[in-house]
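Chemist:
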Amino acid sequence: MMPIGHYLFLSLALFLIGAIGVISRRNVIIVLMSIELILNAVNINLVAFSRYFGDIAGQVFALFIIADAAAEAAVGLGIIIAFFRNRETVLADEMDLLKW
Amino acid sequence: MTSSGYFLTHLWLIPLFPLVSTAVMYFFGRRLSKEAVNLFCVGSVFLSFLHALGAVLRLFTLPATQRTYQQILFEWVTPGSMPTSMGLVNFVADWGYLLDPLSSVMVIVVTLVGFLIHVYSIGYMANEDGYYRFFGYLNFFMFSMLTLVLANNLLLLFAGWEGVGLCSYLLIGFYFLKKSAADAGKKAFLVNRIGDVGFLLGLLLVAATFGTVRFTSQGLGDPAAFSGIVQSLGSMVAQHVLSYGSPVFTAMALLLFVGAAGISAQIPLHVWLPDAMEGPTPVSALIHAATMVAAGVYMVARMSAIYQLTPVAMDIVALVGAATAIFAATLAVVQSDIKKVLAYSTVSQLGNMFLALGVGAFAAGIFHLMTHAFFQALLFLAAGSIIHSLSGEQDIRKMGGLRYTIPVTSVPFIFATLAITGVPGLSGFFSEHEILAHAFNRHIMLDRYLALWAVGIVTTGLTALYMFRLLFEIFYGRSRLPIKMEGHIHESPKTMTVPLMILTFFSIVSGWLALPILWGEESPFERFLEPSLRGVETDTGTISLGRHTLLAEHGLMAALVAFVALGFWLAYKLYLDNPKLHTKLAESWPRLRNLLVHKYYVDEIYDSLFVNRIKDLSTALSFFDAKVIDGLGVDGAGWLAHVSSRIAMWLDKWVVEALVNMLGWFPKFLSMPVRMFQTGVFSAYAVFILIGLAILLGYYGHHVQAFVRTLH
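Chains B and R supply the protein sequences, listed in that same order.
Under the working numbering, the first residue of the first sequence carries the number 1, and numbering increases by one thereafter.
Under the working numbering, the first residue of the second sequence carries the number 1001, and numbering increases by one thereafter.
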């Protein structure tokens, strides 16, 4: 059996790629995709610990997160399309309406 | 007065019928059909006529001394006690009706002529717009006129007086879209108001002198409780407080006469009546010939007790009347509009009536008023029928020979002409003779000249001249109508011709009430009126007029007939026998002709003396209004408000608002560091989250390390 550290490193790598994508990319669709990467990093973590501790609850949780990610992608894309219709842009730095 | 009977106790119904019908026209007239309008308006006047007839016949059956019926409906004006020359008096003007010989003559004339003219109007106005409006005004006129003649006091008479003035204005301007009609209405109204000022002042002087405006206390339950002018006057003369010729009587009489001259179109207030011909012809007949314009005569006769005591005022009335009579008669000769000729003829006849009043022949004046109401209304209605037949043509120069085409109209017109000119046997002869005989008499008695009688008889000749001229121009000679109109001439409908026939009857016979003067007896008409016109018995008694000898009476009649014949002969020569003669005559005296055609330039003189001066004043006032009131006052106030609001605005902006802004600005300043994080860009928030995560991980790093170590 592979030591758990490998899994955790893969997970960390995926998380960092996703986080950097969220921070640095301007296109909101790519930001959404980066969020998917972060969620997948979480899933790998959950599944790895589930195996390690011999507890099935972690894997069930991962399945929930997959479903949640699908819902989040649908809602997120919907918001983006609505936003595009109003403002004709999908660039993150032009979305500054939340400002004071 | 115990057994008065239905008609006398219901005297108040006579003016009420037309008033109710007026109200119906006012509220529902627009939605009623013509038949319904006829039913209400003509029916109400007919009911008034029946009640008037019943009341007068009942009055007639009473003994001569009791022929006064008075009825007080309610106390109308009660201003309280008033200081008068007789001390404090509790002044009351009631809404009450008085039927005595004088008002019974008037009420019969008004309702009878009024009814016939209402019937006539059904035909005349059939194709006019505003049918219900016309009849509503006409009915309101009937109400006002009946209030005027039946009033038991001077104030109520004045109310009726104003009512008829209003109706006159409304009906002259009936075709108000036509500028000349609207202007004529205004002119009539304004000229009448000038007279009304005099009337009102006279009324106040009467009230202040006698402490009452009620004409008489006769016919009331307790004569002592209700004093009347006649009684008050009598006691004042008896106590020698005032006497024959007192200046206060002259002032009263002259002020009241100003009012009478206004409504009856006497010099110098005659200018409105010819213009009033702009109204529909039935209106000219009813208001401006038969009834309203005679109201001045009626009022002076009603106040005869005062007039009899002031010889100066009487002479002025007589002079104004005689001057108006001859003045208007000369104008009637040159007018070419049929209605204008009749208008001047009305003014002239009214002048005759005032001449009668002025020489103390009040009964003769009222007699002439009655006969005149019949034949002048007939003349106007016949003229209306001619105009109707010719589809609106009023110029007599374009008529001629009409007796063949419209015979039913021509016969009444011929009889009316004979009546007004004074041809023996018809009504005008008797009443004009009465006036002239009294004028003759008065001057013999006062040992003066015969000028008034001479003017009167020349006026009669002129009347014959212009009336026969009218007759010849319209009905005789060759037709001067345009060819294309010849075929359109049509006789008027029955509703118009039947009233003409009835009026013809009265124009002939109404004079016969004075028939016994032919054999030297007193006129029954005068005897009937005598109780109303007796006045106050005084020891001076200058006015009591004896009859002439029979020879003088017949001589005066012969003179009258001679002048009528002269007028007839002149008219025949000038207009029928040799029609070119009158144009030649006019050409040989162009200046006289111009003077007459321009009506002695009276309108022009009034324009330059009063109308234009008032216009100048208005222009000056409008300049003052524009420059001073508007410029300095209104615009100045506006400028002041503007400037002060500017200052207030500056204060608001830089003091009040600045304080408020400061309050807002303070927390804003404090929150500055926090606010810096709120960029609004979600990537930035993500960065903050990661930084926060890194800090947390760094802070709890040893726990993480401990955990990771357990994994092996």
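Even for Gly, the Cβ is constructed at its ideal location relative to N, Cα and C.
Keep in mind the model is a prediction, meaning the values are calculated, not measured.
Do you know how far the Cα of Q1071 (chain R) is from the Cα of L1470 (chain R)?
Modeler: Counting from 1 along the second sequence, the entry for residue 1470 (chain R) is found at position 470. Counting from 1 along the second sequence, the entry for residue 1071 (chain R) is found at position 71. When rounded, the distance between both Cα atoms is 46 Å.
Chemist: Taking Cβ positions only, does L1690 (chain R) come closer than 7 Å to chain B?
Modeler: Residue mapping note: residue 1690 (chain R) aligns to position 690 of the second sequence, counting from 1. It does; some Cβ of chain B falls within 7 Å.
Chemist: Can you have a look at N1352 (chain R) and say buried or exposed, based on whether 16 or more other CB atoms are within 10 angstroms of its CB?
Modeler: For the purposes of this step, residue 1352 (chain R) is taken as the residue at position 352 of the second sequence. That one is buried.
Chemist: Using 7 Å as the limit for Cβ to Cβ distance, is L14 (chain B) near chain R?
Modeler: Taking the first sequence and counting its residues from 1, one reaches residue 14 (chain B) at position 14. Closer than 7 Å: no.
Chemist: Which residue spans inside the stretch 1476-1514 of chain R form an unbroken alpha helix (DSSP H) run of at least 4?
Modeler: Segments of the alpha helix (DSSP H) lying fully in the stretch 1476-1514 of chain R: 1483-1486 and 1494-1509.
Chemist: With 7 Å set as the bound, which would you pick, yes or no: does the beta-carbon of V60 (chain B) sit closer than that to a beta-carbon of chain R?
Modeler: Sequence index remark: in the first sequence, residue 60 (chain B) carries index 60 (1-based). False, the Cβ-Cβ gap to chain R never drops below 7 Å.
Chemist: Could you give the residue range of the alpha helix (DSSP H) that holds W1076 (chain R)?
Modeler: Counting from 1 along the second sequence, the entry for residue 1076 (chain R) is found at position 76. Careful: W1076 (chain R) lies outside any alpha helix (DSSP H), inside the beta strand (DSSP E) at Y1069 to T1084.
Chemist: Mapping DSSP to helix, strand and coil, what is V1248 (chain R)?
Modeler: Counted from its first residue, the second sequence places residue 1248 (chain R) at position 248. It is helical.
Chemist: Helix, strand or coil for D1607 (chain R)? Go by DSSP, reduced to three states.
Modeler: Taking the second sequence and counting its residues from 1, one reaches residue 1607 (chain R) at position 607. Three-state result, D1607 (chain R): helix.
Chemist: Whose Cβ in chain B lies nearer than 8 Å to the Cβ of L1696 (chain R)?
Modeler: Here residue 1696 (chain R) refers to the residue found at position 696 of the second sequence. The premise fails here: L1696 (chain R) is roughly 14 Å from chain B at the closest Cβ pair, so nothing lies under 8 Å.
Chemist: Using the C-alpha atoms, what's the distance from F1525 (chain R) back to I1508 (chain R)?
Modeler: Taking the first residue of the second sequence as 1, we reach residue 1508 (chain R) at position 508. Taking the first residue of the second sequence as 1, we reach residue 1525 (chain R) at position 525. Approximately 16 Å between the Cα atoms of the pair.
Chemist: Just mark H1642 (chain R) as buried or exposed, buried being the case when its beta carbon has 16 or more other beta carbons within 10 Å.
Modeler: The residue given as residue 1642 (chain R) occupies position 642 in the second sequence. Exposed: under 16 other Cβ atoms inside 10 Å.
Chemist: Are the Cβ atoms of I1420 (chain R) and F1375 (chain R) separated by less than 7 Å?
Modeler: Along the second sequence, read from residue 1 onward, the residue named residue 1420 (chain R) stands at position 420. Along the second sequence, read from residue 1 onward, the residue named residue 1375 (chain R) stands at position 375. Yes, the pair counts as a contact, with Cβ atoms nearer than the cut-off.
Chemist: Kindly say whether L1711 (chain R), judged by its beta-carbon, lies nearer than 7 Å to any beta-carbon of chain B.
Modeler: Here residue 1711 (chain R) corresponds to residue number 711 of the second sequence, with the count starting at 1. Closer than 7 Å to some Cβ of chain B, the Cβ of L1711 (chain R) qualifies, so yes.
Chemist: Show which residues of chain B have a CB atom less than 9 Å away from the CB atom of F1666 (chain R).
Modeler: What you label residue 1666 (chain R) is simply residue 666 of the second sequence in a count that begins at 1. Result: empty, since nearest Cβ-Cβ is about 16 Å, beyond 9 Å.
Chemist: For T1542 (chain R), which three-state DSSP category applies?
Modeler: In the second sequence, the residue the question calls residue 1542 (chain R) occupies position 542. With a pLDDT of 45 at T1542 (chain R), under the threshold of 50, the modelled position of that residue is not reliable, and no figure is offered here.
Chemist: Can the beta-carbon of N1139 (chain R) be found less than 7 Å from the beta-carbon of T1022 (chain R)?
Modeler: As a working note, residue 1139 (chain R) is residue 139 in the second sequence. As a working note, residue 1022 (chain R) is residue 22 in the second sequence. Yes; because the gap between Cβ atoms is below 7 Å, this pair is in contact.
Chemist: Could one say the Cβ of A1706 (chain R) lies closer than 7 Å to chain B's Cβ atoms, at least one of them?
Modeler: Here residue 1706 (chain R) corresponds to residue number 706 of the second sequence, with the count starting at 1. Judged by the 7 Å Cβ criterion, A1706 (chain R) is not in contact with chain B.
Chemist: Note down the Cα distance separating Y1606 (chain R) from Q1239 (chain R), rounded to an integer number of angstroms.
Modeler: Residue 1606 (chain R) sits at position 606 when you count from the first residue of the second sequence. Residue 1239 (chain R) sits at position 239 when you count from the first residue of the second sequence. Roughly 46 Å separates the two Cα atoms.
Chemist: Within the chosen definition, does the stretch 1169-1185 of chain R reach the stretch 1040-1052 of chain R through at least 3 CB pairs nearer than 8 Å?
Modeler: They do not touch, by the three-pair rule.
Chemist: Touching or not, the stretch 1083-1101 of chain R and the stretch 1202-1222 of chain R, by the rule of three or more beta carbon pairs under 8 Å?
Modeler: As far as the Cβ criterion goes, the stretch 1083-1101 of chain R touches the stretch 1202-1222 of chain R, which means the pair count is three or higher.
Chemist: To which residues of the same chain is S1492 (chain R) closer than 7 Å at the C-beta, ignoring the five residues directly before and after it?
Modeler: Numbered from its first residue, the second sequence carries residue 1492 (chain R) at position 492. Same-chain partners within the cutoff: G1123, S1385, H1388, S1389 and T1409.
Chemist: Give the single residue among R:G1163, R:L1465, R:Y1244 and R:K1340 whose Cα lies nearest to the Cα of L1148 (chain R).
Modeler: The residue given as residue 1148 (chain R) occupies position 148 in the second sequence. Closest by alpha carbon: R:G1163.
Chemist: Count the other CB atoms within 10 Å of the CB of N45 (chain B); is the residue buried (16 or more) or exposed (fewer)?
Modeler: The sequence position of residue 45 (chain B) within the first sequence is 45, counting from 1. That one is buried.
Chemist: List, in order along the chain, the chain R residues whose C-beta lies closer than 8 Å to that of M95 (chain B)?
Modeler: By 1-based counting over the first sequence, the position of residue 95 (chain B) is 95. Near M95 (chain B) (Cβ distances below 8 Å), the residues of chain R are G1680, V1681 and F1682.
Chemist: Based on DSSP bridge pairs, tell me the residues matched to Y1097 (chain R).
Modeler: Indexing the second sequence from 1 puts residue 1097 (chain R) at position 97. In DSSP, Y1097 (chain R) forms a bridge with R:Q1071 and R:A1151.
Chemist: List the endpoints of the continuous alpha helix (DSSP H) containing L1566 (chain R).
Modeler: Taking the second sequence and counting its residues from 1, the one referred to as residue 1566 (chain R) is at position 566. From DSSP, the alpha helix (DSSP H) with L1566 (chain R) extends over L1550 to A1571.
Chemist: Taking 7 Å as the CB-CB cut-off, is A19 (chain B) touching chain R?
Modeler: Position 19 of the first sequence holds residue 19 (chain B). So yes, A19 (chain B) belongs to the interface.
Chemist: Whole-angstrom Cβ separation of V75 (chain B) and N27 (chain B), contact assumed at under 8 Å?
Modeler: For this step, residue 75 (chain B) is matched to residue 75 along the first sequence. For this step, residue 27 (chain B) is matched to residue 27 along the first sequence. Wrong, their Cβ atoms sit about 18 Å apart, outside the cutoff.
Chemist: Please confirm whether V22 (chain B) has its beta-carbon closer than 7 Å to some beta-carbon of chain R.
Modeler: Taking the first residue of the first sequence as position 1, residue 22 (chain B) is located at position 22. Chain R, which has a Cβ nearer than 7 Å to the Cβ of V22 (chain B), makes this yes.
Chemist: How many angstroms separate the CA atom of K1653 (chain R) from the CA atom of G1631 (chain R)?
Modeler: In the second sequence, residue 1653 (chain R) corresponds to position 653, counting from 1. In the second sequence, residue 1631 (chain R) corresponds to position 631, counting from 1. So the alpha carbons of these two residues sit roughly 31 Å apart.
Chemist: Can you round the beta-carbon distance between T1005 (chain R) and R1058 (chain R) to whole angstroms, since I take them to be within the 8 Å contact cut?
Modeler: On the second sequence, residue 1005 (chain R) is found 5 positions in, with the first residue counted as 1. On the second sequence, residue 1058 (chain R) is found 58 positions in, with the first residue counted as 1. It should be noted that the sequence gives Gly, not Thr, for residue 1005 (chain R). With a Cβ gap of about 5 Å, G1005 (chain R) and R1058 (chain R) count as contacting.
Chemist: Tell me, please, whether the CB atom of V1687 (chain R) is closer than 7 Å to any CB atom in chain A?
Modeler: You won't find chain A in this structure, because its protein chains are B and R.
Chemist: For the stretch 1148-1198 of chain R, list the alpha helix (DSSP H) runs that are entirely contained and at least 4 residues long, ordered along the chain.
Modeler: Here the runs fully enclosed are 1154-1172.
Chemist: Name, in chain order, the residues that DSSP records as bridge partners for F53 (chain B).
Modeler: As a first step, residue 53 (chain B) must be located in the first sequence, where it is residue number 53. Bridge partners of F53 (chain B): none, in fact.
Chemist: What is the residue span of the alpha helix (DSSP H) that V1300 (chain R) lies within?
Modeler: Indexing the second sequence from 1 puts residue 1300 (chain R) at position 300. Unbroken alpha helix (DSSP H) run through V1300 (chain R): A1295 to R1302.
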